[in-house]
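Report on one structure; see the data block that follows.
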Amino acid sequence: METKKEIRSCILKQRRAQSKETCEKSSMVIAEKLLALPEYRKAKNIYAYMDFSGEVKTEMILKESLRLGKNLWLPRVNGDIMDFFRVRSKDDFEIGAYGILEPKGESKAGKEEARDGFMVVPGVAFDADRNRIGFGGGYYDKYLELYPELFTAAVAFGFQIVEGVPTEANDIRPQKLITEERIYE
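Numbered per this note's numbering, the sequence shown finishes at 167, counting up by one with no gaps.
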């Protein structure tokens, strides 16, 4: 079995090689599947991310969440901690950690929002059992350990699904994994 570092390197190379058109088309198919999930439809609080460096594009998910009147929460990193802050428009951002757009507001999500929350989880690689490899900082694992009541759905391109992902005790698997081909549960 390959190490997380080896898998991460291989998948990131494939992600960079993907054409912009393919990325956008596949992202739209993935977003449509996610937006149709009953868990998404009933959630009042949507936790998402700003796509970066070839990740599944989230613009459609963000816009639809705001259009539906859902509370939209996006991550901001502070050292080794990640928190989610309320976003109401495209003007609520600034360049943050790792050069990624982050919310600049001060309204932070907590236990109450998580009870009725749906989180869109990014990742570098996954396996068919929904085990996940991120960028190695453990931000999502730490956050989800604090808020286990959040419903989680990861999004990934089909090529990001690998044979097996090495796991550790603190790794948290998303409840669903959505690719352009299928939904893993």
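Ideal placement from N, C-alpha and C gives every residue a C-beta, glycine not left out.
Residue i burial status per 10 Å Cβ neighbour count (16 or more: buried)
{"i": "N60", "result": "exposed"}
{"i": "G51", "result": "exposed"}
{"i": "A13", "result": "buried"}
{"i": "G222", "result": "Residue numbering for the chain in the displayed model covers -17 to 167; residue 222 lies beyond these limits and cannot be assessed."}
{"i": "S47", "result": "buried"}
{"i": "D62", "result": "exposed"}
{"i": "T(-15)", "result": "exposed"}
{"i": "E(-12)", "result": "exposed"}
{"i": "T161", "result": "buried"}
{"i": "R58", "result": "buried"}
{"i": "G99", "result": "buried"}
{"i": "T4", "result": "exposed"}
{"i": "P20", "result": "exposed"}
{"i": "A138", "result": "buried"}
{"i": "E136", "result": "The sequence shown places Ala at residue 136, not Glu. Buried: at least 16 other Cβ atoms inside 10 Å."}
{"i": "A96", "result": "buried"}
{"i": "Y80", "result": "exposed"}
{"i": "R(-3)", "result": "buried"}
Close-in-space but distant-in-sequence residues of the same chain around residue i (CB under 8 Å, 5 per side omitted)
{"i": "S89", "result": "F67 and R68"}
{"i": "D153", "result": "N113, R114 and D123"}
Residue(s) in a DSSP beta bridge with residue i
{"i": "P85", "result": "F75"}
{"i": "Y22", "result": "Beta-bridge pairing links Y22 to no other residue."}
{"i": "K15", "result": "Beta-bridge pairing links K15 to no other residue."}
{"i": "N27", "result": "N53 and G99"}
{"i": "I160", "result": "V137 and I165"}
Close beta carbons around residue i, own chain, < 7 Å, minus the five adjacent residues each side
{"i": "F34", "result": "I82"}
{"i": "L44", "result": "A30 and L54"}
{"i": "K26", "result": "K52, N53 and D98"}
{"i": "K195", "result": "Residue 195 lies beyond the stretch modelled for the chain, which goes from -17 to 167, so this question has no answer here."}
{"i": "E37", "result": "P104"}
Close-in-space but distant-in-sequence residues of the same chain around residue i (CB under 6 Å, 5 per side omitted)
{"i": "T134", "result": "M101, V103, P156 and Q157"}
Residue-chain proximity (residue i, chain D), Cβ-Cβ < 8 Å
{"i": "D33", "result": "The structure shown has no chain D; it contains just one protein chain."}
| said: So within the stretch 30 to 83, which uninterrupted alpha helix (DSSP H) runs reach at least 4 residues, ignoring any that extend past its ends? | reply: 41 to 49
| Start-end ranges of the beta strand (DSSP E) lying completely within the stretch 90 to 146, minimum 3 residues | 99 to 103, 107 to 109 and 133 to 137
| request: Examine the Cβ distances between the stretch 94 to 107 and the stretch 134 to 146 and report whether three or more of them are shorter than 8 Å. | output: yes
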